[in-house]
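Enquirer:
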Amino acid sequence: NRSNNRAFGDNNDVEVFQVGEFNNSVTEALGDFNVIDVDQDGDYNNSTVRAKGDRNRVDVEQDGIGNNSTLSTFFGLPLGVDILGDDNTAELTQYGDYNLGTIFIEGDWNTAEIFQMGNGHTGDISQIGDYNSATITQN
-15 NRSNNRAFGD NNDVEVFQVG EFNNSVTEAL GDFNVIDVDQ DGDYNNSTVR AKGDRNRVDV
45 EQDGIGNNST LSTFFGLPLG VDILGDDNTA ELTQYGDYNL GTIFIEGDWN TAEIFQMGNG
105 HTGDISQIGD YNSATITQN
């Protein structure tokens, strides 16, 4: 499996559905009101999503072996990452099985990172306000 998607402009809808094997997806949306849904079910999984613009929504779901998801969003409303505000950055990286990571940011110029390396981890970050920074690392 492999996917490379780019959407420029407003009101785009990108859906990636990958089942089994080596999985890979790079998706980027530049503009406003874009929707990106990535669903990777099984095996080596890898997803990098960049959403830049206002009111973008990103949902990344990964099931099974090797999960690795990096979500970089600016002024958007993404996945197990929700961001309300401007110039925020959220990174969620997972390796292993049965990991759950959620990030909620409301404000501007915040940074939140969740790194989960093993199996069965749960990481949750909530930030309200400006210029916050939070990192969770689990092995």
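In terms of my numbering, the sequence shown is residues -15 to 123.
Just so it is clear, CB atoms sit at the ideal spot from N, CA and C, and this is done for glycine as well.
Predicted model, so just to flag it, every value in this text is computed and none were measured.
1) To the nearest angstrom, how far is the alpha carbon of residue 62 from that of residue 42?
2) Report the rounded CA-to-CA distance for residue 23 versus residue 0, giving the unit in angstroms.
3) Go ahead and label residue 103 buried or exposed: buried means 16 or more other beta carbons lie within 10 angstroms of its beta carbon, across all protein chains shown.
4) Rounded to whole angstroms, what's the CA-CA distance from residue 9 to residue -14? Just pull it up for me.
5) Count the other CB atoms within 10 Å of the CB of residue 20; is the residue buried (16 or more) or exposed (fewer)?
6) How long is the line joining the alpha carbons of residue 16 and residue 119, rounded to whole angstroms?
7) Report all residues from its chain with a CB closer than 7 Å to the CB of residue 82; omit the five preceding and five following residues, and keep chain order.
8) Buried or exposed: which applies to residue 3, given that a residue is buried once 16 or more other Cβ atoms fall within 10 Å of its Cβ?
9) Shortest alpha-carbon distance to residue 7 belongs to which of 45, 18, -3?
10) Determine which residues share a DSSP beta bridge with residue 5 and list them.
11) Determine the extent of the beta strand (DSSP E) in which residue -10 is found, giving its start and end residues.
12) Could you give the C-beta distance for residue 29 and residue 11, rounded to a whole number, given that I count them as a contact under 8 Å?
Expert: According to the structure shown:
1) Counted from its first residue, the sequence shown places residue 62 at position 78. Counted from its first residue, the sequence shown places residue 42 at position 58. Note on residue 62: pLDDT 42, under 50, position unreliable in the model; no value is reported.
2) Position 39 of the sequence shown, counted from the first residue, corresponds to residue 23. Position 16 of the sequence shown, counted from the first residue, corresponds to residue 0. The alpha-carbon separation between residue 23 and residue 0 amounts to approximately 6 Å.
3) Your numbering for residue 103 matches position 119 in the sequence shown. It counts as exposed.
4) Walking along the sequence shown from the start, residue 9 turns up at place 25. Walking along the sequence shown from the start, residue -14 turns up at place 2. The alpha-carbon atoms of residue 9 and residue -14 are separated by roughly 6 Å.
5) Indexing the sequence shown from 1 puts residue 20 at position 36. Flag for residue 20 reads buried.
6) Stepping through the sequence shown from its first residue, residue 16 is reached at position 32. Stepping through the sequence shown from its first residue, residue 119 is reached at position 135. Roughly 28 Å between the two C-alpha positions.
7) Taking the sequence shown and counting its residues from 1, the one referred to as residue 82 is at position 98. Excluding sequence neighbours, residue 82 sits near 103, 104.
8) Sequence index remark: in the sequence shown, residue 3 carries index 19 (1-based). That one is exposed.
9) On the sequence shown, residue 7 is found 23 positions in, with the first residue counted as 1. Nearest C-alpha to residue 7 among 45, 18, -3: 45.
10) The residue you call residue 5 lines up with position 21 of the sequence shown. Note: residue 5 sits in no beta bridge, so no partner.
11) Residue numbering aside, residue -10 sits at position 6 when the sequence shown is read from its first letter. Taken as a continuous stretch (DSSP letters only), the beta strand (DSSP E) holding residue -10 covers -13 to -8.
12) Taking the sequence shown and counting its residues from 1, the one referred to as residue 29 is at position 45. Taking the sequence shown and counting its residues from 1, the one referred to as residue 11 is at position 27. For residue 29 against residue 11, the beta-carbon gap comes to about 14 Å, at or over 8 Å, which does not count as contact.
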